[in-house]
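*Asks:*
Protein chains: 2
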Amino acid sequence: MSARLDFISAALGKRQLTLAIRNASLLNVFTGEISESTIGIYKDRIVYIGHSSGCPPAAEVIDAKGMVAIPGLIDSHLHVESSMMTPAKFAAATLPHGLTTAFADPHEIANVMGKEGIRAMIDNSRGLPQKLYYYAPTCIPESDAVTAGAELTPGDIEELLGWRGIWGLGEVMDYPAVLKGEDKMMKILRIGAEHGVVIDGHAPLLTGLELNAYVVAGAEADHENFTVEAMLEKLRLGLYVKLRGPYILDPKKFVKALRAIPHPYNLILCTDDVLPDNLTRWGHLDHVCRAFMQAGMDPVEAVRSVTLRPALHMRKFELGAITPGRAADIVLLDDLRKFNIKLVIANGVPVAKNGRMLVDIREREFDGSTRETMKLAPLGREAFTVRPPRDNGTVDVNTIDFSGYGKHEDNGEAFANMILTKMSRAKVRVRKGELSLGDVALVFVFERHGKNGNRAFGFARNLIRKGAMATTVAHDSHNLLVVGTNVDDMRAAANLVIRSNGGIAAVLNRKTLATVKLPIAGLISEHGLSRVSKEVQRLRGAFRTMGVLDHPYMPLPNLLALSVIPHARITDKGMYDVDNQRFVPPFP
Amino acid sequence: MSARLDFISAALGKRQLTLAIRNASLLNVFTGEISESTIGIYKDRIVYIGHSSGCPPAAEVIDAKGMVAIPGLIDSHLHVESSMMTPAKFAAATLPHGLTTAFADPHEIANVMGKEGIRAMIDNSRGLPQKLYYYAPTCIPESDAVTAGAELTPGDIEELLGWRGIWGLGEVMDYPAVLKGEDKMMKILRIGAEHGVVIDGHAPLLTGLELNAYVVAGAEADHENFTVEAMLEKLRLGLYVKLRGPYILDPKKFVKALRAIPHPYNLILCTDDVLPDNLTRWGHLDHVCRAFMQAGMDPVEAVRSVTLRPALHMRKFELGAITPGRAADIVLLDDLRKFNIKLVIANGVPVAKNGRMLVDIREREFDGSTRETMKLAPLGREAFTVRPPRDNGTVDVNTIDFSGYGKHEDNGEAFANMILTKMSRAKVRVRKGELSLGDVALVFVFERHGKNGNRAFGFARNLIRKGAMATTVAHDSHNLLVVGTNVDDMRAAANLVIRSNGGIAAVLNRKTLATVKLPIAGLISEHGLSRVSKEVQRLRGAFRTMGVLDHPYMPLPNLLALSVIPHARITDKGMYDVDNQRFVPPFP
Numbered sequence: 389m390s391a392r393l394d395f396i397s398a399a400l401g402k403r404q405l406t407l408a409i410r411n412a413s414l415l416n417v418f419t420g421e422i423s424e425s426t427i428g429i430y431k432d433r434i435v436y437i438g439h440s441s442g443c444p445p446a447a448e449v450i451d452a453k454g455m456v457a458i459p460g461l462i463d464s465h466l467h468v469e470s471s472m473m474t475p476a477k478f479a480a481a482t483l484p485h486g487l488t489t490a491f492a493d494p495h496e497i498a499n500v501m502g503k504e505g506i507r508a509m510i511d512n513s514r515g516l517p518q519k520l521y522y523y524a525p526t527c528i529p530e531s532d533a534v535t536a537g538a539e540l541t542p543g544d545i546e547e548l549l550g551w552r553g554i555w556g557l558g559e560v561m562d563y564p565a566v567l568k569g570e571d572k573m574m575k576i577l578r579i580g581a582e583h584g585v586v587i588d589g590h591a592p593l594l595t596g597l598e599l600n601a602y603v604v605a606g607a608e609a610d611h612e613n614f615t616v617e618a619m620l621e622k623l624r625l626g627l628y629v630k631l632r633g634p635y636i637l638d639p640k641k642f643v644k645a646l647r648a649i650p651h652p653y654n655l656i657l658c659t660d661d662v663l664p665d666n667l668t669r670w671g672h673l674d675h676v677c678r679a680f681m682q683a684g685m686d687p688v689e690a691v692r693s694v695t696l697r698p699a700l701h702m703r704k705f706e707l708g709a710i711t712p713g714r715a716a717d718i719v720l721l722d723d724l725r726k727f728n729i730k731l732v733i734a735n736g737v738p739v740a741k742n743g744r745m746l747v748d749i750r751e752r753e754f755d756g757s758t759r760e761t762m763k764l765a766p767l768g769r770e771a772f773t774v775r776p777p778r779d780n781g782t783v784d785v786n787t788i789d790f791s792g793y794g795k796h797e798d799n800g801e802a803f804a805n806m807i808l809t810k811m812s813r814a815k816v817r818v819r820k821g822e823l824s825l826g827d828v829a830l831v832f833v834f835e836r837h838g839k840n841g842n843r844a845f846g847f848a849r850n851l852i853r854k855g856a857m858a859t860t861v862a863h864d865s866h867n868l869l870v871v872g873t874n875v876d877d878m879r880a881a882a883n884l885v886i887r888s889n890g891g892i893a894a895v896l897n898r899k900t901l902a903t904v905k906l907p908i909a910g911l912i913s914e915h916g917l918s919r920v921s922k923e924v925q926r927l928r929g930a931f932r933t934m935g936v937l938d939h940p941y942m943p944l945p946n947l948l949a950l951s952v953i954p955h956a957r958i959t960d961k962g963m964y965d966v967d968n969q970r971f972v973p974p975f976p
Numbered sequence: 389m390s391a392r393l394d395f396i397s398a399a400l401g402k403r404q405l406t407l408a409i410r411n412a413s414l415l416n417v418f419t420g421e422i423s424e425s426t427i428g429i430y431k432d433r434i435v436y437i438g439h440s441s442g443c444p445p446a447a448e449v450i451d452a453k454g455m456v457a458i459p460g461l462i463d464s465h466l467h468v469e470s471s472m473m474t475p476a477k478f479a480a481a482t483l484p485h486g487l488t489t490a491f492a493d494p495h496e497i498a499n500v501m502g503k504e505g506i507r508a509m510i511d512n513s514r515g516l517p518q519k520l521y522y523y524a525p526t527c528i529p530e531s532d533a534v535t536a537g538a539e540l541t542p543g544d545i546e547e548l549l550g551w552r553g554i555w556g557l558g559e560v561m562d563y564p565a566v567l568k569g570e571d572k573m574m575k576i577l578r579i580g581a582e583h584g585v586v587i588d589g590h591a592p593l594l595t596g597l598e599l600n601a602y603v604v605a606g607a608e609a610d611h612e613n614f615t616v617e618a619m620l621e622k623l624r625l626g627l628y629v630k631l632r633g634p635y636i637l638d639p640k641k642f643v644k645a646l647r648a649i650p651h652p653y654n655l656i657l658c659t660d661d662v663l664p665d666n667l668t669r670w671g672h673l674d675h676v677c678r679a680f681m682q683a684g685m686d687p688v689e690a691v692r693s694v695t696l697r698p699a700l701h702m703r704k705f706e707l708g709a710i711t712p713g714r715a716a717d718i719v720l721l722d723d724l725r726k727f728n729i730k731l732v733i734a735n736g737v738p739v740a741k742n743g744r745m746l747v748d749i750r751e752r753e754f755d756g757s758t759r760e761t762m763k764l765a766p767l768g769r770e771a772f773t774v775r776p777p778r779d780n781g782t783v784d785v786n787t788i789d790f791s792g793y794g795k796h797e798d799n800g801e802a803f804a805n806m807i808l809t810k811m812s813r814a815k816v817r818v819r820k821g822e823l824s825l826g827d828v829a830l831v832f833v834f835e836r837h838g839k840n841g842n843r844a845f846g847f848a849r850n851l852i853r854k855g856a857m858a859t860t861v862a863h864d865s866h867n868l869l870v871v872g873t874n875v876d877d878m879r880a881a882a883n884l885v886i887r888s889n890g891g892i893a894a895v896l897n898r899k900t901l902a903t904v905k906l907p908i909a910g911l912i913s914e915h916g917l918s919r920v921s922k923e924v925q926r927l928r929g930a931f932r933t934m935g936v937l938d939h940p941y942m943p944l945p946n947l948l949a950l951s952v953i954p955h956a957r958i959t960d961k962g963m964y965d966v967d968n969q970r971f972v973p974p975f976p
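Those sequence lines, one after another, are chains W and B.
All letters in the first sequence, in the order written, are residues 389 to 976 by the numbering used here.
All letters in the second sequence, in the order written, are residues 389 to 976 by the numbering used here.
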């Protein structure tokens, strides 16, 4: 109450402002105008916009002549875990890119550690100069076809919605459960509706009646858009459509299609997953915004799509605009279209300049339990034993086939094809009971959460040429996934990951080509951007050497165990036909 | 929960729809497109939009070929009491104009009866086909300069926000209290912020630092715009700017000014006060929308300003668009620009056609206490006694001067000038202790709520030429206001109003020219639109005969006692200099 009074006094000029940004070219997201203005700030709030001459005196003044001021960027759909960094290090890495607010679905860590993992993320996010809000993940585990480290029940989700730091229901990935009206999902959606919170969606390939039904169920947004037709259908149905960056779609195609619409009101730009090397090379939401502008999107609309609209969508009415009473989150650019971020102000404080942090971020440690999520002991050779149905000759095997990938110039199509793996049949030679793999790779999934010790194997095609990789970044249940062409390398890679309490390893001819240690929940490194980024670059180099399919968005094995993405997957329970929701034996 | 499942089933075509509107030209407020579509409805929700061929079968089908379908209209700022009808009769009168949702500030009845009055409005609104939500009024009484029938404390407001049917904080009229940071007002704003509800504003004439400060305090919208400059300043500050209809401003000027802005995101159309005769003659929010289109506003933007944008502003995300999952509130027009409303569907049910209701509205009675708010007994002649400071000659008097009014072609300017009354000095003749009024009128305000029996008098100029009028519609405290040129007519008019438990009366030469009986709280009639409208028309005729200043928006005396509108007013406590917040004696 006294605080409100202070802000009113400051706005009236009766109290010295803490900061004034003078003579900026202010992009007003409400009117679409760009005009020279001065922004007056008191503590963490904007209290004045108007002519320079009318602004009350301020303790600190920034002369922004020639600079464009836009609101701090807001990403309404991302996963901090994909950065492989702690929230605090994520903030330090993305604030220089103008990201002052993010809404993160912590479903990766929740699949490993449940509520405890979410609590750890929130604790680590407290007091950061970046506003990090978390969705309550709705699909833990993603389906019954996997063993995850935890389950979130409707009761858990209701509890989470009462936590400070939780804001909304995370992407409702299990759309088949929605369309079937499954009880648990109906309960979760009801809880969301009763609490009046945002419900984020996830509706790849849904169209027509099914898409109508999915929207009726309560989803308000979707980011799974690979084609312009899907985007248009969803915009028309009133969903907030969140377009991701150029690794995953071709902005030119989308901008061209958007031109056909007089003025779409519900278009948002977001990142979803940004791996550390991409963050270093291209940036974050600023990269997405820049790419859409370069593809011809009107700059005002592009800026609205990363500021005002995500704020409205997320019901954070104090964010997303440079107007009085709103959070003093401001980005200064030297050129709107080039979108070079020169200065970032968060909560009224300059926090990053020319790509570097100006302030230190003190981090709360992730505690012991988050570092003890690898429940597997090092694996012996026998763990990789496969008994073919005959000892000599050839056997038929079911394979998860990536042959659709790599034939497209368009990253978006390539990515869509990565998702659209198919189940296909192959022949493998057998000699004395041993498989002679050839161009078919062996895949193992080891349940690593200490739940049931499940081990499943299967085959994949066009995924890896030689050596082996192992990873605990195996969406969404994040069991230990091992892919390879020979058991020795597979075992070596697996044990590297097990010994580092989680991570990724690439091994060729028993030689370690690359490792990324991710001891926090098997997903998150202890290091900051520069080191993690280098590790991932080295890993990608190893993947190139080994012929592991790698997409700029993320390496393809990462999604091999995700049982809700069509069409063929493998989980700790076995090879899985997603469309028909049934398991398939490796040897038919 | 089971309901959600039913809607999902219906959307999937597994359950017969209740209604389909086929082949309409659907105006999609999200994309701005108008294209032939079929709308599928199950019960009170839209479950399908798309091609006619894909729509599941429905029990009832409306062929809307050649018709334009837009969402039901939403008025985010009005006062039901100004219609002089009960909420149920208001709904019956406005549904044919396409108004499927209204957010009403019940501050008129709250000034008379406090929470009990608000409860009575909500009770009467239950079960209506129109969605009527009420703001919690924030300024009861409007200021310390009046005696109202009730006070709403911060505690009351917190209680009200917990009531079903209450949605948001009503217009924060007492902007001086906001700017001074008065304790009660700070508490109320804090309660609004803590509950995360919409806070409606009221900021006439505020500009520069004061307007910045008012916005900082928490107001999110403002409807007090008389000039294009005020509108532009408020749009730029991020307020939702609510433009009222052509009685109060010139749409052409505003539309022209709006053209200078690339794309304003926060423009809304509303009505505020629509008197019954205006409702009959011109319509309601449809009239405002039509007027702005005729003035050149892009039809899609005009429709957004009465549908999607008020829904977003009011945080009613299930309203304002024709998309799956949203309320099935739909208006069919035969011509978008002419805005002729042919059919109105509310909650999935056709409720009005060609200007007439299709369904009966059953009304809950207003109970006894709402009909006993006139606490004055009939007045004797002595109640109107005025003792001038001398018995003969001339005396100086302070007058509330309306001389600014009536010299403008532009209704908006005329209305602004009505508001901008000034305090001026006049001379009045006295003979044997009796005033010989001439062109100066006498004004009395009788406290009528049984609080303190206050009686105040003063003078007005250019307000009435002959006879007298009395009214309990005397914003906002709704005491008994009597204006006249002679005591006999004043007494007769006052007693007519007292005997009917409230209302308005016009008397000339002791002859009753017109009465409007408003026995419910002294504000609301027992009758429906057609009768109240005729009564008000007769009253306006009487006002013309008597030379009472009358503006199409409302008769000028109605605002004479409103102590928060500049510059000169009179309350039950005396003549009042609003700018300096002090009382002024009638005889200086």
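Using N, Cα and C, we set each Cβ at its ideal position, and we do this for glycine too.
Would the stretch 678-689 of chain B count as touching the stretch 442-459 of chain W if we require 3 or more Cβ pairs under 8 Å?
*Replies:* Verdict: no, contact absent.
*Asks:* Could you pull the DSSP bridge partners for SER423(W) from this structure?
*Replies:* In the first sequence, residue 423(W) corresponds to position 35, counting from 1. Paired residue(s): LEU414(W).
*Asks:* For VAL783(W), which option in GLY589(W), ASN850(W), PRO976(W) and ILE718(W) has the closest C-alpha, if you only look at C-alpha atoms?
*Replies:* Numbered from 1 along the first sequence, position 395 holds the residue referred to as residue 783(W). Per the Cα distances, PRO976(W).
*Asks:* Per DSSP, PHE491(W) is paired with what?
*Replies:* Taking the first residue of the first sequence as 1, we reach residue 491(W) at position 103. Its beta-bridge partners are TYR521(W).
*Asks:* Any contact of the stretch 721-737 of chain B with the stretch 480-492 of chain B, i.e. 3+ C-beta pairs under 8 Å?
*Replies:* Touching, yes, given that three or more Cβ pairs across the two stretches are closer than 8 Å.
*Asks:* Between the Cα of THR526(B) and the Cα atoms of GLY580(B), SER812(B), TYR653(B) and ALA645(B), which residue gives the shortest distance?
*Replies:* Position 138 of the second sequence holds residue 526(B). Comparing Cα-Cα distances from THR526(B) to each of GLY580(B), SER812(B), TYR653(B) and ALA645(B), the minimum goes to GLY580(B).
*Asks:* Ordered along the chain, which non-local residues of its own chain (more than five positions away) have a Cβ less than 6 Å from that of ILE576(W)?
*Replies:* Taking the first residue of the first sequence as 1, we reach residue 576(W) at position 188. These residues qualify, in order along the chain: THR526, PRO542 and ILE545.
*Asks:* With 9 Å as the C-beta to C-beta threshold (strictly closer), list the residues of the stretch 949-967 of chain B near chain W in chain order.
*Replies:* From the stretch 949-967 of chain B, no residue has a Cβ closer than 9 Å to chain W.
*Asks:* Kindly indicate if chain B contains any beta-carbon less than 9 Å away from that of GLU598(W).
*Replies:* By 1-based counting over the first sequence, the position of residue 598(W) is 210. Yes, GLU598(W) counts as interfacial toward chain B.
*Asks:* Got a sec? Which residues, its chain only, sit under 8 Å from THR535(B) by beta carbon, not counting five neighbours each side?
*Replies:* By one-based count along the second sequence, residue 535(B) stands at place 147. Same-chain partners within the cutoff: PRO529, GLU835, HIS837, LYS839, ASN840, ASN842, SER865, ASN867, THR959, ASP960 and LYS961.
*Asks:* Check each candidate in ALA607(W), PRO634(W), LYS815(W) and GLY626(W) and name the one with the smallest Cα separation from PHE614(W).
*Replies:* Locating residue 614(W) in the first sequence gives position 226, counting from the first residue. With distances taken between Cα atoms, PHE614(W) lies closest to PRO634(W).
*Asks:* By the 8 Å beta-carbon criterion, what residues does the stretch 686-698 of chain B contribute toward chain W?
*Replies:* Those residues of the stretch 686-698 of chain B that come within reach of chain W (Cβ to Cβ, closer than 8 Å) are VAL688, ARG692 and LEU696.
*Asks:* Taking only the alpha-carbon atoms, compute the straight-line gap between GLY789(B) and ARG957(B) and give it to the nearest angstrom.
*Replies:* Reading the second sequence from its first residue, position 401 is the one you call residue 789(B). Reading the second sequence from its first residue, position 569 is the one you call residue 957(B). Sequence inspection shows Asp at residue 789(B); the Gly mentioned does not correspond to that position. Cα to Cα, ASP789(B) sits roughly 10 Å from ARG957(B).
*Asks:* At what residue ranges does the stretch 758-786 of chain W contain a whole run of the alpha helix (DSSP H), taking only runs of 4 or more?
*Replies:* You should have found no qualifying run.
*Asks:* Would you say HIS651(B) faces chain W, with C-beta separation under 9 Å as the test?
*Replies:* Here residue 651(B) refers to the residue found at position 263 of the second sequence. At least one chain W Cβ lies under 9 Å of HIS651(B).
*Asks:* Kindly provide the ranges of any beta strand (DSSP E) runs that are 3 or more residues long and lie completely inside the stretch 860-940 of chain W, ordered along the chain.
*Replies:* Whole beta strand (DSSP E) segments, 3+ residues: 868-872, 891-896 and 899-905.
*Asks:* Which value, in whole angstroms, describes the spacing of the CA atoms of LEU415(W) and VAL456(W)?
*Replies:* Taking the first residue of the first sequence as position 1, residue 415(W) is located at position 27. Taking the first residue of the first sequence as position 1, residue 456(W) is located at position 68. Cα-Cα distance, rounded: 7 Å.
*Asks:* So with CB distances below 7 Å, who are the chain B contacts of PRO564(W)?
*Replies:* The count along the first sequence starts at 1 and reaches residue 564(W) at position 176. Ordered by position in chain B, no residue passes the 7 Å Cβ test against PRO564(W), which lies about 12 Å from the chain.
*Asks:* Once you ignore the five residues that flank TYR521(B) on each side, which residues in its own chain have a CB closer than 6 Å to its CB?
*Replies:* The residue you call residue 521(B) lines up with position 133 of the second sequence. Taken in chain order, the residues that qualify are PHE491 and TRP555.
*Asks:* If you follow the beta strand (DSSP E) that MET811(W) is in, where does it begin and where does it stop?
*Replies:* Reading the first sequence from its first residue, position 423 is the one you call residue 811(W). Its beta strand (DSSP E) spans residues 810-819.
*Asks:* Contact between the stretch 750-758 of chain B and the stretch 817-825 of chain B is defined here as three or more beta-carbon pairs at a separation below 8 Å; is this criterion met?
*Replies:* With the cut-off at 8 Å, the stretch 750-758 of chain B and the stretch 817-825 of chain B do not touch.
*Asks:* Kindly indicate which three-state DSSP category ALA715(B) falls into: helix, strand or coil?
*Replies:* What you label residue 715(B) is simply residue 327 of the second sequence in a count that begins at 1. Note: ALA715(B) maps to strand in three-state DSSP.
*Asks:* Flag this pair as yes or no: are the beta carbons of LEU917(B) and ALA508(B) separated by less than 9 Å?
*Replies:* Counting from 1 along the second sequence, the entry for residue 917(B) is found at position 529. Counting from 1 along the second sequence, the entry for residue 508(B) is found at position 120. No, these two residues do not count as a Cβ contact at 9 Å.
*Asks:* Give every residue of the same chain whose Cβ lies closer than 6 Å to the Cβ of MET389(B), excluding the five residues on either side of it in the sequence, and list them in chain order.
*Replies:* The sequence position of residue 389(B) within the second sequence is 1, counting from 1. At MET389(B) the pLDDT is 42, less than 50, meaning the model places this residue with poor confidence and gives no usable figure here.
*Asks:* Which of helix, strand or coil does DSSP assign to TYR602(B)?
*Replies:* What you label residue 602(B) is simply residue 214 of the second sequence in a count that begins at 1. TYR602(B): helix per DSSP, three-state reduction.
*Asks:* Tell me which residues share the same chain as GLY401(W) and place their Cβ nearer than 7 Å to its Cβ, disregarding the 5 neighbours each side in the sequence.
*Replies:* Here residue 401(W) refers to the residue found at position 13 when the first sequence is read from its first residue. Counting only Cβ-Cβ distances below 7 Å, and skipping sequence neighbours, we find PRO444.
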